[in-house]
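Read in the UniProt record's numbering, the sequence shown has 30 at position 30, and its numbers run on one by one without any break.
See below for the structure under consideration.
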Amino acid sequence: MLTGKQKRFLRSKAHHIEPTFQVGKSGVNENMVAQLNDILEKRELIKIHVLQNNFDDKDDLAQTISEATESEIVQVIGSMIVLYKESTENKKIELP
């Protein structure tokens, strides 16, 4: 579980990254989860853009993706979801 200080730190890092992924009307599927896991392993911190045609609750969507990828929700703001998962091989981010 991330502390408030760690979330603030990750939010400041996420501010400068472009969204890596988009979730459309089809929602979350196994293929997407597999791709997200690969990206999280490489980058640790990612942004997901929820498109206008997805009518799921963004917090629920973030929770579903977080559980499926075993990652932490850093922030859900507007149509963006920011996720963090510590990489096993490509550790780049040192949490405070």
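Idealized CB from N, CA, C, for every residue including glycine.
Just so you know, these numbers come straight off a predicted model, no measurement behind them.
Presumed contact (8 Å Cβ cut-off) between residue i and residue j, rounded CB distance
i, j, result
"T69", "L36", "5 Å"
Pick from the options that is closest to residue i, judged by C-alpha positions
i, options, result
"G78", "V50, L45 and G4", "V50"
"A34", "M80, I81 and E67", "E67"
"H15", "V74, T88, K92 and D38", "V74"
Backbone CA spacing between residue i and residue j [nearest angstrom]
i, j, result
"K7", "L45", "11 Å"
"N90", "R43", "8 Å"
"K5", "P19", "23 Å"
"D38", "Q52", "25 Å"
"I65", "V28", "7 Å"
Per-residue burial, residue i [other beta carbons within 10 Å of its own, 16 or more giving buried]
i, result
"I81", "buried"
"K25", "exposed"
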